[in-house]
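Protein chains in written order, with this note's numbering: chain A, 896 to 1250; chain B, 896 to 1250.
What follows is a set of notes on a single structure, which appears directly below.
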DNA sequence: ATAATTCATGTGTTCGAAAACATGTAAGAA
DNA sequence: TTCTTACATGTTTTCGAACACATGAATTAT
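Here you go:
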């Protein structure tokens, strides 16, 4: 197998009794090859397990690729600011290989803005697009456009299976709800109430939240957990009744734990728990936002589930690069592990690179 | 900055008014360059932020590298079998780039075998070595040999700072002990006992175990945890008293939880808990061995801390490749996150790739 | 003074694949 | 027949850096 040199196109040509040009045409389906020659080459190719030298291939086809990255405005939300960091990191990593990444941001609370931003991105005729399509329904038509334009695209954060992307990078949200449930339930002997808290300006990415709640409820619907009551609340921080509702919740004497489904929400819930000295009520949320970490360290937040937005964005771009530049095939879906963050293992996550 | 083309050696040569050969000599410190020329080139290089095209560089210096990977015999222990998988994966990934990986295994329970295996590996004059030096003291002399032989090496699993490797891949074991403690303690109101269980044929990698215990104890020595008693036990499965000791432990009415510091041990402990119907006693161990997963799924093991041996080995080799082939500088130390595995998030870890 | 040596510097080839380019041959049109 | 046109096939250049080699000048030895 690995006896000496690797097989080169030249070798295949010699074995098949044709020129390198013909082999090249066969490999890339460029046509202009006789049946006869094609048969000879393919038969040699099947015998020998030809693996193109990706280094040489990349150098030879000295292309520069432009990738458009589309995310919500990072300034509107710390979660998306993390995604942005992942994009910047990808830029730093790939720029020397002739990859240019153009960032296009849209308004987190404006569906219309999403569509126009994607259209703008397409108009620049990029070689590939990486996008976090948080507006599910609105996204569908633009993917048709991408398909007719023949632009390969990778989704992250939110999956849209109908869009049949090159690849999706994200998490199993349903399962993450189950993880949250398990952690809230862990070691709880006595009956009580658990609350699912959807806290959001808007219910734009409501699909996310619904999935999480489903998983959460599913966990408690299984054997021997009937003694626990599950309640779900939709709270809008800019709503006038917001404080009252939250106060009422944390003062519920039966309340054993809260599962906050949005990344920003857990810090808000934590502040209420601290204010009412209800730190014994368990709290679990999402993501390593600075605010969240503060409460994780004081013990008010017990666990955070890490969605790793930075890495999602980074990997999304890397997948696209591997597809465009190295012609590598990618897993059609890459679901990140559901990382459980505690006060004690937090440091190990903050210090570790991406890799 | 990124206006159009990247700077090539040719461009630097033109700007400095010399030939590409001279620039090449400057870049690689090959000498044979006049003070004058050197000054011109370096000044240009400082102005322009030259980033060599790694693709072209790799193709140009058409070297084949041989890397020796040294680990305990995978057949002796499922943990090291995982490491082996990481090595195989690295092989699959890098073989097309002209990287050859030779596996050298030693006897997990034989220090002498470790030394001779390393010496054998060195005798093959590899371009780099990746090694899991589980025998701390025995390892020290062989690293002197590696230094005099000028062979770069990467450590994983066990760190030996005195060896000043190119890079170390592993985990903060002390901190992992704290994580274990936190999880056992989580939600525990009443006083009780927690046991640290070192279960091993030999105490070869005792340093590991000591570190973990230290962290565990440290956690409980902090504010308000005086009501918990910590006990530590060294148990040898091949010892005649083994069963008795373990039976005694699990029947201790004060026992709230067990922290098993070895990867194989937690399944053994779990089997005893199940036998005595003591599943309510919390159990936490290390690593995703098949046996462990079985008990994680039945709920006897509550948490596993994932040391990710597969990924450690894979990354160790990748670091070396980046150093040898791409001349990239590597972080001198890469500590993996302390991943907490539960029944519910296990699947997401098993399905996810390495990357 | 001439050959030998040293050393700065420039030129050319190589890596393997991609892609532009050149040649050759057969079928159809004028 | 001769000129296109189409298409199979072979040859050459290119990518950017590494490295072997060639050149030419200054120094040293004889």
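Glycine included, every Cβ here is placed at the ideal spot set by N, Cα and C.
Computed from a predicted model, the values in this text were never measured in an experiment.
query                                                                                                                                 : result
Best match in B:1228, B:952, B:1195 for proximity to residue 1261 of chain B [C-alpha to C-alpha]                                     : Since the first residue of chain B shown is 896 and the last is 1250, residue 1261 of chain B is not available in this structure.
Check whether residue 1198 of chain A and residue 1003 of chain A have beta carbons under 8 angstroms apart                           : no
Contact list for the segment 1180-1210 of chain B against chain A, Cβ threshold 8 angstroms                                           : 1197, 1210
Chain B within 8 angstroms of residue 1230 of chain A, Cβ atoms only                                                                  : yes
Alpha helix (DSSP H) runs wholly inside the segment 969-1057 of chain A, at least 4 long, in chain order                              : 973-989, 1006-1018, 1031-1043
Closer than 8 angstroms to chain B by CB, residue 1090 of chain A                                                                     : no
Simplified DSSP state of residue 896 of chain B, which is helix, strand or coil                                                       : For residue 896 of chain B, the predicted model reports a pLDDT of 39, less than 50, meaning its position is unreliable and no value from the coordinates is stated.
Start-to-end residues for the beta strand (DSSP E) that takes in residue 1230 of chain A                                              : 1228-1230
Chain B contacts from the segment 1052-1064 of chain A (Cβ-Cβ distance under 8 angstroms)                                             : none
Same chain, Cβ closer than 7 angstroms to residue 1028 of chain A, neighbours up to 5 away in sequence not counted                    : 1034, 1050, 1053, 1055
Beta-bridge pairing of residue 923 of chain B - partner residues as DSSP gives them                                                   : Partner(s): none; residue 923 of chain B has no beta bridge.
Chain A residues whose Cβ lies nearer than 8 angstroms to that of residue 951 of chain B                                              : 954
Delimiting residues of the alpha helix (DSSP H) encompassing residue 940 of chain B                                                   : 930-942
Closer than 8 angstroms to chain A by CB, residue 960 of chain B                                                                      : no
Interface positions of the segment 1103-1115 of chain A facing chain B (Cβ-Cβ less than 9 angstroms), listed along the chain          : 1110, 1114
Given residue 998 of chain A as reference, the closest of A:978, A:1118, A:988 once Cα atoms are compared                             : A:978
Cβ separation of residue 940 of chain A and residue 965 of chain A, assumed to be a contact under 8 angstroms, to the nearest whole Å : Actually they do not touch by this definition, with Cβ atoms about 39 angstroms apart.
Cβ pair residue 1200 of chain B, residue 1233 of chain B closer than 8 angstroms                                                      : yes
Which listed residue (B:989, B:1000, B:949, B:953) has its alpha carbon closest to that of residue 970 of chain B                     : B:1000
Simplified DSSP assignment, three categories, for residue 1082 of chain A                                                             : coil
Amino acids of chain A, ordered along the chain, whose beta-carbon sits closer than 7 angstroms to that of residue 847 of chain B     : Summary: the structure shown does not reach residue 847 of chain B, with chain B confined to residues 896 through 1250, and so no result is reported for it.
Within chain B, partners of residue 936 of chain A - CB distance below 9 angstroms                                                    : Residues of chain B passing the Cβ test: none, with the nearest at roughly 20 angstroms.
Distance cut-off 7 angstroms: residue 1010 of chain B Cβ against heavy atoms of the ligand NAP                                        : The ligand NAP is not part of this structure, which contains no ligands at all.
Neighbourhood of residue 1205 of chain A by C-beta, 8 angstroms cutoff - its chain only, sequence neighbours within 5 removed         : 977, 978, 980, 981, 984, 1249
Through-space distance from residue 1210 of chain B to residue 996 of chain B, alpha-carbon basis                                     : 14 angstroms
Neighbour-count burial assignment, residue 1084 of chain A, 16 or more Cβ in a 10 Å radius                                            : exposed
Boundaries (first-last residue) of the alpha helix (DSSP H) holding residue 1211 of chain B                                           : 1204-1219
Residue 1082 of chain A at chain B interface by Cβ criterion, 8 angstroms                                                             : yes
Every unbroken alpha helix (DSSP H) inside the segment 1114-1179 of chain B [4 residues or more]                                      : 1137-1145, 1160-1170
Proximity test, Cβ basis, 8 angstroms: residue 907 of chain B and chain A                                                             : no
Residue interval of the alpha helix (DSSP H) (run including residue 1065 of chain B)                                                  : Note, residue 1065 of chain B: premise wrong, no alpha helix (DSSP H); beta strand (DSSP E) at 1062-1065.
Cα-Cα separation, residue 989 of chain A to residue 902 of chain A                                                                    : 28 angstroms
Under the three-state DSSP convention, the category residue 952 of chain A falls into                                                 : helix
Straight-line Cα distance separating residue 1161 of chain A from residue 1172 of chain A                                             : 16 angstroms
Nearest residue (CA-CA) to residue 1065 of chain A, options A:1010, A:1149, A:1122, A:1212                                            : A:1212
As assigned by DSSP and simplified to three states, the class of residue 1250 of chain A                                              : Low local confidence applies: a pLDDT of 49 at residue 1250 of chain A is under 50, so the model's placement there is unreliable, with the coordinate-based value given in what follows. Residue 1250 of chain A falls in the coil class under three-state DSSP.
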